[in-house]
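In this note's numbering, the protein residues as written are 270 to 350.
Quick look at the structure:
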């Protein structure tokens, strides 16, 4: 996945998150449904941001960014900022 594709996916995930919160406000989804999907979106966003950082770091180090790979959500979730 190229950087622009990752950024497009991030944008789509953020848009979905906003739409989901609006649906909750309008009573179209339950709190439980919203929270479960938000958790999935957050995992996906963390993976996308991690992949983008990997690609940028590889490029900065003179390496091929295409060798970066998405890491499992549980691995990415345990990083400290």
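Just so you know, even glycine gets a beta-carbon here, dropped at the ideal spot from N, CA and C.
Residue 273 and residue 324 do not touch by the CB rule: their CB atoms are close to 11 Å apart, not below 8 Å. It is roughly 6 Å from the alpha-carbon of residue 342 to the alpha-carbon of residue 316. Annotation: the continuous alpha helix (DSSP H) that includes residue 328 extends over 300–329.
By alpha-carbon distance to residue 282, the top candidate from 344, 308, 302, 298 is 308.
Under the DSSP assignment, residue 287 falls in the alpha helix (DSSP H) whose first and last residues are 272–294. Here residue 276 is exposed: its Cβ has fewer than 16 other Cβ atoms, across all protein chains shown, within 10 Å.
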